[in-house]
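**Student:** Residues are numbered in my numbering as their position in the sequence shown, beginning at 1, plus a constant of 1393.
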Amino acid sequence: MKYVAYLDILGFKERLKNLEHQLAKKFISDFASTIYNSWVSNPEYETYLEGFIVSDSFIINTKNSSVDSLHSLLDAIVDVCQSEFLQHGVILRGGIAKGEYNKLQAKELKYLGKGLIVGQAYIDAYLLEGTIKTIGTVVSEEVYEDILASNIDIVSRVFEENIGNEKKYILSSFPLDFLNEKKNLEKFVTLAVSSGWLPHYYNALYFSMKNESGSVVNILFDNIFKILSGDSYSENWRNVDKFIKGAFNESVFRHFQTRFLTYLRSRIFSEEKG
């Protein structure tokens, strides 16, 4: 039994449409180099993990199902997701499952390479990746239970959420203290604006603030409004309007909308008192 993670670049096909071939090659090369550098900087990954890159996808598997292997896998996912975001503005999302998995060795011809993988865990991880509109890694119920039982510190970043009639489990790579760093939030907002404020960005904000107090969440919203309005609200009000309107898209989690409304009411009342 092994844990398997499948990570994929959000909006990869759309990005490639706007890149010439040489720039596309550089984009993929940079994506792979960041993962390689992360592996080199963390030798414990090689102790517990194996992985390989296929175009815009990164597949990681543990060598066994030990607690140390699971911990290393979750650390690696967060590390790679944050590094790709910071260095290249790349957003990764994915899935994690547990089960049988093997990467088969195969004889290769000179002009025909083979990367053969087999196992239900890979299929399950692949299918989980697109089940929620968010930036993060969807965790199977079995993996979630293993995380809770392990008592590893990263458990605070794995959330249970009722979506429709199902329970889902999500590993967030962008905690609030990470997003609230000025350069990080500016990059996040820039990507969200360029995407037309996909629901994924609002839902990622929700998971970053899910267990945070209202005062800390208000600071995040304040900072987003400052970035969107820039030096002049009168000139950039459309950016603010698009952010507010997009927050009430039907694919945005209701609990995010509730917290956002609470913030907006508090802002209105404070301005009235002022």
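Ideal placement from N, C-alpha and C gives every residue a C-beta, glycine not left out.
Between the Cα of Lys1576 and the Cα atoms of Ile1545, Glu1535, Gly1529, Leu1479, which residue gives the shortest distance?
**Tutor:** Taking the first residue of the sequence shown as position 1, residue 1576 is located at position 183. That would be Leu1479, whose Cα lies nearest to the Cα of Lys1576.
**Student:** Return the bridge partner residues of Asn1629 from the DSSP annotation.
**Tutor:** Position 236 of the sequence shown holds residue 1629. DSSP, once it has assigned bridges, lists no residue as partnering Asn1629.
**Student:** Once the 5 residues before and after Tyr1594 are set aside, which same chain residues still bring their CB inside 8 angstroms of it?
**Tutor:** In the sequence shown, the residue the question calls residue 1594 occupies position 201. Hits under 8 angstroms: Ile1528, Phe1581, Leu1584, Ala1585, Ser1588.
**Student:** Could you tell me the alpha carbon to alpha carbon distance between His1464 and Ser1622, rounded to whole angstroms?
**Tutor:** Here residue 1464 refers to the residue found at position 71 when the sequence shown is read from its first residue. Here residue 1622 refers to the residue found at position 229 when the sequence shown is read from its first residue. His1464 and Ser1622: Cα-Cα distance of roughly 40 angstroms.
**Student:** Considering only DSSP beta bridges, list what Leu1451 is partnered with.
**Tutor:** Mapped onto the sequence shown, residue 1451 falls at position 58. In the sequence as presented, Leu is not what sits at residue 1451; that position holds Phe. Leu1400, Ile1446, per the DSSP bridge assignment.
**Student:** Just list the beta strand (DSSP E) runs in the region 1450-1494, keeping only unbroken ones of 3 residues or longer that don't cross its boundaries, in chain order.
**Tutor:** 1450-1455, 1485-1492
**Student:** Using a Cβ-Cβ cutoff of less than 8 angstroms, which residues in the same chain neighbour Glu1559 once the five nearest sequence positions on both sides are dropped?
**Tutor:** Position 166 of the sequence shown holds residue 1559. Closer than 8 angstroms at Cβ, skipping near neighbours: no residue.
**Student:** To which residues of the same chain is Gly1492 closer than 7 angstroms at the C-beta, ignoring the five residues directly before and after it?
**Tutor:** Mapped onto the sequence shown, residue 1492 falls at position 99. So the qualifying residues of the chain are Met1394, Gly1512, Gln1513, Ala1514, Asp1517.
**Student:** For Phe1552, collect the residues of the same chain with a Cβ closer than 6 angstroms to its Cβ; drop the 5 residues on either side in sequence, then sort them by chain order.
**Tutor:** Reading the sequence shown from its first residue, position 159 is the one you call residue 1552. These residues qualify, in order along the chain: Ile1563, Phe1600, Lys1603.
**Student:** For Lys1526, which of Leu1541, Gly1488, Ile1620, Val1536 has the nearest alpha-carbon?
**Tutor:** As a working note, residue 1526 is residue 133 in the sequence shown. Of the candidates Leu1541, Gly1488, Ile1620, Val1536, the one whose C-alpha sits nearest the C-alpha of Lys1526 is Gly1488.
**Student:** When we look at the beta-carbon of Lys1561 and count the other beta-carbons within 10 Å, is it buried (16 or more) or exposed?
**Tutor:** To locate residue 1561, count along the sequence shown from 1; it is residue 168. With 16 or more other Cβ atoms within 10 Å, it is buried.
**Student:** Any contact of the region 1450-1468 with the region 1539-1557, i.e. 3+ C-beta pairs under 8 angstroms?
**Tutor:** yes
**Student:** With a threshold of 16 other CB atoms inside 10 Å of the CB of Glu1477, please say whether the residue is buried or exposed.
**Tutor:** The residue given as residue 1477 occupies position 84 in the sequence shown. Label assigned to Glu1477: buried.
**Student:** If you count every other CB in all the chains shown that lies within 10 Å of the CB of Phe1424, and 16 or more means buried, which is it?
**Tutor:** Walking along the sequence shown from the start, residue 1424 turns up at place 31. Phe1424 comes out buried.
**Student:** Would you call Ile1453 buried or exposed, if buried means 16 or more other Cβ atoms sit within 10 Å of its Cβ?
**Tutor:** Residue mapping note: residue 1453 aligns to position 60 of the sequence shown, counting from 1. Ile1453 is buried by the Cβ-count criterion.
**Student:** Under the rule that 16 or more other beta-carbon atoms within 10 Å means buried, what is Asn1596, buried or exposed?
**Tutor:** Against the sequence shown, residue 1596 aligns to sequence position 203. Per the 10 Å Cβ criterion, buried.
**Student:** Quick one: what does DSSP say Glu1605 is sitting in, helix, strand or coil?
**Tutor:** By 1-based counting over the sequence shown, the position of residue 1605 is 212. It is coil, neither helix nor strand.
**Student:** According to DSSP, simplified to helix, strand and coil, what is Trp1432?
**Tutor:** Within the sequence shown, numbered from 1, the residue matching residue 1432 stands at position 39. It is helical.
**Student:** Pick from Ala1398, Asp1449, Asp1461: whose alpha carbon is nearest that of Lys1406?
**Tutor:** Sequence index remark: in the sequence shown, residue 1406 carries index 13 (1-based). Taking only the C-alpha atoms, the option nearest Lys1406 is Asp1449.
**Student:** DSSP three-state label for Leu1564, please.
**Tutor:** Position 171 of the sequence shown, counted from the first residue, corresponds to residue 1564. In this structure, Leu1564 counts as strand in the three-state DSSP scheme.
**Student:** On a Cα-Cα basis, can you pick out the residue from Arg1631, Thr1524, Ser1608 that is closest to Ser1659?
**Tutor:** Counting from 1 along the sequence shown, the entry for residue 1659 is found at position 266. Of Arg1631, Thr1524, Ser1608, the residue nearest in Cα terms is Ser1608.
**Student:** Could you tell me how far apart the beta carbons of Arg1486 and Glu1522 are, in whole angstroms, since I believe they sit closer than 8 angstroms?
**Tutor:** Within the sequence shown, the letter at position 93 stands for residue 1486. Within the sequence shown, the letter at position 129 stands for residue 1522. Confirmed, Cβ separation roughly 6 angstroms.
**Student:** What does a CB cutoff of less than 6 angstroms around Glu1554 pick up in its chain, not counting 5 residues either side in sequence?
**Tutor:** Your numbering for residue 1554 matches position 161 in the sequence shown. Closer than 6 angstroms at Cβ, skipping near neighbours: Lys1561.
**Student:** Rounded to a whole number of angstroms, what is the C-alpha to C-alpha distance between Gly1557 and Phe1646?
**Tutor:** Along the sequence shown, one-based indexing puts residue 1557 at 164. Along the sequence shown, one-based indexing puts residue 1646 at 253. Between Gly1557 and Phe1646, the C-alpha separation is close to 10 angstroms.
**Student:** According to DSSP, is Tyr1504 part of a helix, a strand, or is it coil?
**Tutor:** Counted from its first residue, the sequence shown places residue 1504 at position 111. Here Tyr1504 scores only 46 on pLDDT, less than 50, and its place in the model should not be relied on; the value that follows carries that caveat. Tyr1504 falls in the coil class under three-state DSSP.
**Student:** What's the gap between the Cα of Glu1439 and the Cα of Thr1651?
**Tutor:** Taking the first residue of the sequence shown as 1, we reach residue 1439 at position 46. Taking the first residue of the sequence shown as 1, we reach residue 1651 at position 258. Taking the straight line from one Cα to the other gives about 43 angstroms.
**Student:** Might you give, ordered along the chain, the residues of its own chain that have their beta carbon closer than 7 angstroms to the beta carbon of Trp1590, omitting 5 neighbours on each side?
**Tutor:** In the sequence shown, counting from the first residue as 1, residue 1590 sits at position 197. For Trp1590, where only same-chain residues beyond five positions count, the Cβ hits under 7 angstroms are Lys1635, Phe1636, Gly1639.
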